[in-house]
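**Student:**
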Amino acid sequence: MLGGGGVLGAAWMVGALTALEAELGVDVREFDELVGTSAGSVLAGLLGAGVSVADLLTHQLDGSIDVGPLAGYAWDYEKDTGGDRPGLPKVGLGSRELLRRNALHLRHLPPTAVLSAILPEGRGSIEAVGAMVGHVVPDGWPPRGGVTVVALDYDTGERVAFGREGAPVVDLPAAVMASCAIPGWYQPVRIGAHRYIDGGAWSSTNLDLMAGLGLDEVYVLAPQVSFVRDAPTHWRTRVERQWRNRVTLRVLRELGKVHDDGAEVTVLGPGEEDLEAFGSNLMDVSRRPAVIATSLRTSAVALHDPAPLPDRAAFDDVGSLSEDVG
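Next comes the structure, spelled out in structure tokens:
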């Protein structure tokens, strides 16, 4: 399970995936299920199409890849991600229809989905991400099963798990672009008659999608989750920590559903050193090398000697925005 987290979240997850393979002695491409949301959808899609973790790391470090699905593909992290600040958005609500449906159904949507509808449509383009995924899988879906990409239907408010039974049939690049379309930052991605946005508008990890699959073990790499309970002094960092606390509480609630299904779940999130490397802007490309280097070290330690997951009550003080819905 690969969660959302922007440019730096992707970098952190590549470091964590490298550590995970080393600790378990496995190739994560052989996992039964690869489920990705937002930045995690890019990694899940590429892994499902046969890209190795070693090549993902080389790619993050701006190295040359000579063989394999990513061979010869040039990517400019400074340019192709659209920068570390959103451009001026369009005027008006992003999705009046989603707000109307939520009101009619007595507020059944996660607060983050409602917030995404209030935000204006972004103007940024996510086409470069689609082009990279399209280099590996030009059309269709990875031939192996178990690859899921999560997005939110911006008009109906429905969570859509592309690649699963019942979801619209779509090419992998389009699904990944939809999953990465941060509301208020990037343009929604139109697939057929519907507009789609970042799956993180429903949940940063969508961990509950792992329930009911008969899995024995689930590994969750969640860049926006953190079990660190610090007290930063800068206002921007305090806001960022409050957001992380809300995300963490929701993930702990979703985790219960997977536990109830009989699976052992390991959740890996950024530790104190990682948070320092991140800063407060997950789209700050300049911090990427430091985030990768830190993750390679801290993730190895965390996986080798995992700490028990905290009780949900430790995060219940973050307010009603985290109420489990859907």
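Numbering (the numbering used here), first residue to last: 29 to 354. By construction, the Cβ of each residue, glycine as well, lies at the ideal position given by its N, Cα and C atoms.
Could you have a look at His287 and say whether DSSP puts it in helix, strand or coil?
**Tutor:** In the structure shown, His287 sits in a helix (DSSP, three-state: H, G or I).
**Student:** So which of Gly53, Asn130, Val286, Val248 has the shortest CA-CA distance to Thr294?
**Tutor:** If we check each option's Cα against that of Thr294, Val248 comes out closest.
**Student:** In angstroms, rounded to a whole number, what distance separates the CA positions of Ser254 and Pro298?
**Tutor:** About 6 Å.
**Student:** Look at Gly212 and Pro114 and say whether their C-beta atoms are less than 8 Å apart.
**Tutor:** It is a contact, given that the beta carbons lie within the stated cut-off.
**Student:** Since Ser66 and Asp226 are thought to touch, with beta carbons under 8 Å apart, how far apart are those beta carbons, to the nearest angstrom?
**Tutor:** With 8 Å as the limit, Ser66 and Asp226 qualify as a contact, their Cβ atoms being about 5 Å apart.
**Student:** Rounded to the nearest angstrom, what separates Asp17 and Glu282 at their Cα positions?
**Tutor:** The structure shown does not extend to residue 17, since the chain is modelled only from 29 through 354, so no value can be given for it.
**Student:** Of the choices Trp40, Glu58, Gln270, Asp312, whose alpha-carbon is the least far from that of Gly173?
**Tutor:** The option with the nearest alpha carbon to Gly173 is Glu58.
**Student:** Could you tell me which residues DSSP puts in a beta bridge with Thr294?
**Tutor:** Partner(s): Tyr247.
**Student:** Determine which residues share a DSSP beta bridge with Phe190 and list them.
**Tutor:** According to DSSP, Phe190 bridges with Val177.
**Student:** What's the C-alpha gap between Pro260 and Asp199?
**Tutor:** If you take the alpha carbons of Pro260 and Asp199, they lie about 43 Å apart.
**Student:** For the beta strand (DSSP E) containing Val63, list its first residue and its last residue.
**Tutor:** Here the beta strand (DSSP E) through Val63 covers 62 to 65.
**Student:** First and last residue of the beta strand (DSSP E) that includes Tyr182?
**Tutor:** Taken as a continuous stretch (DSSP letters only), Tyr182 belongs to no beta strand (DSSP E), as it is neither H nor E.
**Student:** In angstroms, rounded to a whole number, what distance separates the CA positions of Gly361 and Met160?
**Tutor:** Past the boundaries of the shown model lies residue 361; the chain is included only from 29 to 354, so the question cannot be answered.
**Student:** Determine the DSSP secondary structure at Asp258, reduced to helix, strand or coil.
**Tutor:** Reduced to three states, the DSSP call for Asp258 is coil.
**Student:** Assuming Tyr101 is part of the beta strand (DSSP E), what are its boundary residues?
**Tutor:** Taken as a continuous stretch (DSSP letters only), Tyr101 belongs to no beta strand (DSSP E), as it is neither H nor E.
**Student:** If you follow the alpha helix (DSSP H) that His332 is part of, which residue opens it and which one closes it?
**Tutor:** Taken as a continuous stretch (DSSP letters only), the alpha helix (DSSP H) holding His332 covers 316 to 332.
**Student:** Alpha carbon to alpha carbon, how far is Val164 from Gly158?
**Tutor:** Going by the C-alpha atoms only, they are around 10 Å apart.
**Student:** Using DSSP with H/G/I as helix, E/B as strand and the rest coil, what is Met29?
**Tutor:** Met29 falls in the coil class under three-state DSSP.
**Student:** Is DSSP giving Gly162 helix, strand or coil here?
**Tutor:** Helix at Gly162.
**Student:** Among residues of its own chain, excluding the 5 on either side of Val275, which ones have a beta-carbon nearer than 7 Å to its beta-carbon?
**Tutor:** Only Ser232, Gln252, Val253 meet the Cβ criterion.
**Student:** For Leu48 and Ala131, I'd like the C-alpha separation in whole angstroms.
**Tutor:** Distance between the alpha carbons of Leu48 and Ala131: 43 Å.
**Student:** Does the beta-carbon of Tyr182 have 16 or more other beta-carbons within 10 angstroms, so that it is buried, or is it exposed?
**Tutor:** By the neighbour-count rule (16 or more Cβ atoms within 10 Å), Tyr182 is buried.
**Student:** Kindly identify the DSSP beta-bridge partner or partners of Asp226.
**Tutor:** DSSP output for Asp226 lists Ala179 as bridge partner(s).
**Student:** Using the three-state DSSP reduction, which class does Val198 fall into: helix, strand or coil?
**Tutor:** Coil.
**Student:** Using only alpha-carbon positions, find the residue among Phe190, Asp244, Ala239 that is nearest to Tyr224.
**Tutor:** When each option's Cα is compared against that of Tyr224, the closest is Phe190.
**Student:** Going by C-alpha distance, which of Arg129, Asp289, Pro148, Thr46 is nearest Leu241?
**Tutor:** It is Asp289.
**Student:** Taking the DSSP output, what are the residues bridged to Val56?
**Tutor:** Paired residues: none, contrary to the question.
**Student:** Among residues of its own chain, excluding the 5 on either side of Asp370, which ones have a beta-carbon nearer than 7 Å to its beta-carbon?
**Tutor:** Since the first and last residues shown for the chain are 29 and 354, residue 370 lies out of range.
**Student:** With 16 other CB atoms within 10 Å as the buried threshold, where does Glu351 fall?
**Tutor:** Low per-residue confidence applies at Glu351: pLDDT is 43, beneath 50, and the placement is therefore not dependable, though the value from the model is reported in the following sentence. So Glu351 counts as exposed.
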